[in-house]
Each structure stands twice: as structure tokens, then as C-alpha cells.
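Reminder that position 480 of the sequence shown reads as 485 in our numbering, one-by-one numbering, no gaps. Using N, Cα and C, we set each Cβ at its ideal position, and we do this for glycine too. Fair warning: this is a prediction, and the values are worked out from it, not measured in the lab. Below is one structure, written out as C-alpha cells; the observations come after it.
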Amino acid sequence: MIFYFLMTPIILFVNMLLLIALCKIFCILVLLPILLIKWRKFYSKKREERQQTGTVVGIFHPYCNAGGGGERVLWAAVHAIQTKYPDIHIAIYTGDLDADPEKILSQTEKTFNMKLQPNIEFVYLHGRKWVEASTYPYFTLLGQSLGSVYLGIEALNNLTPDIYIDTMGYAFTYPLFKYIGGCLVGSYTHYPTISTDMLKYVYRRIAAYNNRRIIARNPLLSGGKFLYYKLFAYLYGLVGSCADIVIVNSSWTEEHINTIWKCPLKTHRVYPPCSVEHLIGLPLLSDEEKNKCIRIIAIAQFRPEKNHPLMLRAMFELRSILKEEVWEKVKLVCIGSCRDAEDERRVKDMQDLAKHLALDKNVEFKLNVPYSELVSEIQKGTIGLHTMWNEHFGIGIVECMAAGLIMVAHSSGGPRADIIETRMGSVNGFLAEDEMEYAKVIASIIQMPPKVRNAIRIAARSSVNRFSCEIFEKEFLRAIEPFFRSKQE
Ligand SMILES: *[C@@H]1O[C@H](CO)[C@@H](O)[C@H](O)[C@H]1NC(C)=O
């Protein structure tokens with residue numbers, strides 16, 4: 006008897022649990038898909054009722070008026086599409102509420118010297134604060150990513166495109182546009198939102214820009230953060246691989262995107278446009294015109310990662326290799342901007358170190374020089390020096406090569422992977438790692454016959470053509486061509 010009294014509530018309880026579980030399964034398997042299908046239908050209807058009848062390309066770039074390197078990519082991409090497909094309607098989703106279309110286009114013309122057709126539609130988004138880092142003091146990555154989905158929904162509601170291209174790396178919008186919006190999705194990624202390096206910092210408990218000291222110190226917090234990052238990286242891979250075409254800006258980004266998104270077959274590497282054309286057009290001065298002086302030009306901000314001390318130590322070694330009369334003609338010119346008191350202190354330290362190594366007659370510092378002077382310094386130079394370890398790319402190296410310097414760059418990161426070629430027959434510059442190697446390479450350049458030196462300069466110039474606007478547009482169009490092929494069928 007007692008047994009039955011006990012059993013009844015247990016059975017009731019189990020029944021309740023089963024009922025709840027069934028409800029949940031019903032919701033997930035039936036209601037959710039129905040809602041999603043309805044939602045998708047809503048947008049395909051919106052697309053049919055759209056006033057623009059032809060193909061619409063929607064480009065997601067909430068900060069399109071910022072005038073930085075990412076915007077140069079955006080406008081060059083727009084220019085490329087306008088030129089190749091004049092009938093296509095281009096819309097740009099932007100959050101620059103204070104800038105009207107004429108203002109944005111005239112600003113673009115001024116900043117990038119790029120003339121665009123004015124038939125671009127600007128779709129203004131009001132929810133941009135949801136993708137700003139300052140909105141989320143904690144769980145910033147996740148917050149910004151979910152915020153971008155919200156912004157994406159606002160974009161879809163305003164205009165449903167046929168082809169969606171994100172040029173700012175908001176990967177969490179891809180499944181939304183692909184599965185709900187029914188668009189073809191293309192991505193141009195400059196920088197992975199989360200990289201394996203960031204995971205490493207948290208795992209090894211190193212304090213870094215993405216890892217506060219208090220978290221690095223505490224094993225429990227570090228463990229939690231590592232799990233959060235792991236989960237985020239997993240989600241990032243999931244959403245990122247929804248894109249139909251992935252374009253990355255360099256080998257460095259490609260490597261990281263490949264490890265997280267895992268879709269190398271649809272990933273293309275297209276270098277962003279650098280304005281090298283006018284530098285390539287500059288005349289090359291001969292040794293006589295340079296008064297037989299050998300100027301080594303180092304263009305770098307006075308930041309610790311740029312590693313100015315390595316330059317000075319290399320000069321010190323160089324002195325012991327060269328004959329005294331040659332050494333007298335060698336000068337290292339450090340050009341850079343000084344942004345604050347800390348930078349100034351570093352310049353002072355460098356000058357002290359130069360004195361200490363007895364190099365002060367052969368080293369010159371030029372701070373905050375205007376662009377025209379910078380160009381004339383490069384023209385007077387023979388060798389360009391770069392010493393930063395693991396630079397992601399190195400636009401400065403490309404510009405120096407375009408202007409005619411023979412570059413000696415650090416043998417790591419972008420300079421090694423993307424820019425400098427040292428194989429016999431196609432040498433366009435040199436790589437080095439420590440002061441002895443730098444000194445040897447510089448000495449060998451100084452001792453080269455002028456003819457050989459000139460051949461390298463010319464090879465360097467023609468090799469950086471692959472970073473020009475023209476090549477960017479060609480490669481970009483080639484990567485996204487499948488979108489237009491399937492649209493025209
Ligand atoms: C790719 O984008 C990142 C982030 O903007 C930048 O640091 C890097 O230099 C870019 N690479 C190239 C090749 O411009």
C-alpha cells in the first residue's frame with residue numbers, strides 16, 4: 006500500500022518531465038523551423054516588391070565614411086563593380102547618419118582620389134551603437150557579434166539585396182543574410198575577430214590587450230575566459246564558413262581564417278590596394294646624383310615593437326665590416342612620427358644609444374616630416390631598413406620598394422610571406438633576423454656593382470605592382486565573379 010502512495014507522485018512527476026521535454030522538442034523541431042521559414046518568406050516577398058528590379062548588391066560597411074585603409078578597400082571594390090557591371094544596383098549599409106551621400110562621395114574623392122558613379126544608394130542604419138566595443142564592458146566580442154546581427158536585421162528590413170558583401174568582418178551576419186535573407190554572401194576579411202594568438206595568450210595566462218592582468222593572474226578566471234574564447238571561436242568558425250566566397254587581405258589573415266573557418270577552397274587572397282602608382286612613377290636617382298652617399302632609410306613610428314635598437318646594433322656591426330672611407334659615407338636616417346611624450350622619450354633613448362655605440366655621426370633622426378619631404382628622403386636613399394618582428398603586412402615596405410629603395414626587412418610575418426622574394430633570379434629585396442645578418446646584407450648591397458643594385462630596384466618596383474589598385478580590382482572581380490554568373494543564368 007505504502008509503495009503505491011509513493012509511486013503515484015513519482016509517476017506524475019516523471020510524466021510532467023516528459024511533457025515538458027516533448028514541448029521543447031516540439032518547439033525546436035516544429036515551431037522554430039516554421040518561424041524561420043516564415044521569416045525567410047517575408048524577405049523573399051520583400052525582395053519581389055522591391056522597387057529596384059535588377060540585381061542588388063548590398064555592401065555592409067557601417068563606418069563607410071571613416072577614410073581608413075578598410076574604406077579604401079570598400080571604395081575600390083565599389084569602383085570595380087561599377088566598372089564591370091554598370092547595370093547592377095549598389096547599396097551601402099552605413100551608420101554614418103551625419104553624412105549625406107554627396108558628402109560621402111566627395112570625401113571619398115578627396116581622400117582616395119577615386120571618382121565613383123553617383124548612383125549608389127546609401128541605406129542608413131540607426132543601431133550602430135550595438136556594434137561598438139564601448140557598449141559592452143564585458144563579453145565584448147560576443148556582444149559586438151550579436152549586435153551586428155541586430156544591425157544586419159535592420160539592414161535586411163530596409164533593403165533586401167540579392168548579393169550581400171561584408172567588408173568589415175561582421176561574420177555573424179552571414180547566416181542571417183544567407184538563410185533568412187536568401188542572399189549570396191561574400192566576405193572581405195582584414196582581420197579575424199578572434200585569432201589563435203588570442204587563445205594562446207589566455208591559455209598561457211599572459212596579460213595582453215585582450216587579456217586583463219587581473220584575469221591573467223587568476224587561474225579560475227583564466228579557465229573561464231579560455232572556455233568562453235573556445236566557444237566563441239567555434240561559433241565564429243560556424244558563421245564564417247556560411248559565406249559563399251571568402252576573401253582575405255594577406256597570408257597572415259588567410260592562415261588564421263583557414264584554421265578557424267576551415268573552408269580553404271572558397272577562400273581567396275586579394276591584397277588591398279596600396280597607392281603605389283605615383284611612387285613607381287618617380288625617377289630613380291643614380292649614385293652620382295646622390296653624391297656617392299649611402300643613405301639607409303628607416304621609416305617607422307617610435308614604438309617599441311618597431312625595434313629601433315636593432316637598427317643601431319646592426320649599424321654598429323656594419324662599421325666593423327666596412328672600410329673606414331666607405332663607412333664615412335653611410336648614414337642611417339630614422340624617419341618617424343612622435344605622437345606623445347613616451348615616443349619622445351624613446352627617441353631620446355635611441356639618440357643616447359647611438360652616442361654610446363659611437364654612431365652619432367652616422368645616424369640622423371627626422372621627426373614628423375611632411376609627406377613631400379618623406380618622399381624626397383626616400384629618393385635620396387639607397388637602402389630601406391625594417392626591423393619589426395612579425396609585422397602582419399608592411400605597407401611601408403611596399404611603398405619604399407615602389408619609390409626605389411632596396412629593402413632589408415625582418416625575416417618574419419608579412420614581409421617574408423607576402424612582400425620580399427629572395428630566390429635566385431627574382432630577388433626584389435633582402436631578409437635578415439639579427440644584427441649580424443642585417444650588417445652582412447647591408448654591406449653586400451653597398452659592395453654590389455651599381456648595375457646589380459639597379460636590377461634589384463627595378464625588380465622591386467615591378468613586383469609591388471601586385472599591390473596596386475588595378476590589380477586589386479582585377480583580383481576582387483575574379484573572386485566574386487561566380488555571384489554574377491549564377492545571377493545572369
Ligand atoms: C589586413 O588588415 C589588417 C587590419 O586592418 C592590417 O593590419 C593589415 O596590414 C592588412 N594587410 C594588408 C596586406 O594590408
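- Per DSSP, the continuous alpha helix (DSSP H) segment holding residue 203 begins and ends at 201-208.
- In the DSSP assignment, residue 235 falls outside any beta strand (DSSP E) and within the unbroken alpha helix (DSSP H) covering 224-245.
- Here residue 213 is bridged, per DSSP, to 216.
- Taking C-beta atoms under 8 Å as the contact rule, residue 433 and residue 402 fail to qualify, at a distance of about 11 Å.
- For residue 326, the enclosing alpha helix (DSSP H) stretches over residues 313-326.
- Only residues of its own chain outside the window of five on either side were considered, and among them 451 have a CB closer than 7 Å to the CB of residue 331, listed in chain order.
- The criterion of a C-beta distance shorter than 7 Å is satisfied by residue 165 and residue 48.
- By the criterion of a C-beta distance shorter than 6 Å, residue 65 is surrounded in its chain by 98 and 171, once the five residues flanking it on both sides are discounted.
- Looking from the CA of residue 399, the closest CA among 250, 192, 278 and 214 belongs to 278.
- Rounded to whole angstroms, the gap between the alpha carbons of residue 265 and residue 133 is 26 Å.
- Around the beta carbon of residue 490, fewer than 16 other beta carbons sit within 10 angstroms, so the residue counts as exposed.
- Between the alpha carbons of residue 404 and residue 486 lies a distance of about 30 Å.
- DSSP places residue 125 outside both helix and strand once states are collapsed to three, so it counts as coil.
- Per DSSP, residue 258 is one residue of the alpha helix (DSSP H) stretching across 256-266.
- Following the DSSP letters along the chain, one finds residue 192 inside the beta strand (DSSP E) bounded by residues 189-194.
- Within the DSSP bridge table, the entry for residue 346 names no partner.
- For residue 138, the secondary structure class from DSSP, reduced to helix, strand or coil, is helix.
- For residue 178, DSSP records no beta bridge to any residue.
- Between residue 285 and residue 407, the CB-CB gap stays under 7 Å.
- At least one heavy atom of ligand 1 falls within 6 Å of the beta-carbon of residue 196.
- Per DSSP, residue 457 is one residue of the alpha helix (DSSP H) stretching across 455-468.
- Here residue 311 is buried: its Cβ has 16 or more other Cβ atoms, across all protein chains shown, within 10 Å.
- Per DSSP, the continuous beta strand (DSSP E) segment holding residue 412 begins and ends at 411-415.
- One alpha carbon belongs to residue 276, the other to residue 28, and they sit about 51 Å apart.
- For residue 277, the distance from the CB to the nearest heavy atom of ligand 1 is below 6 Å.
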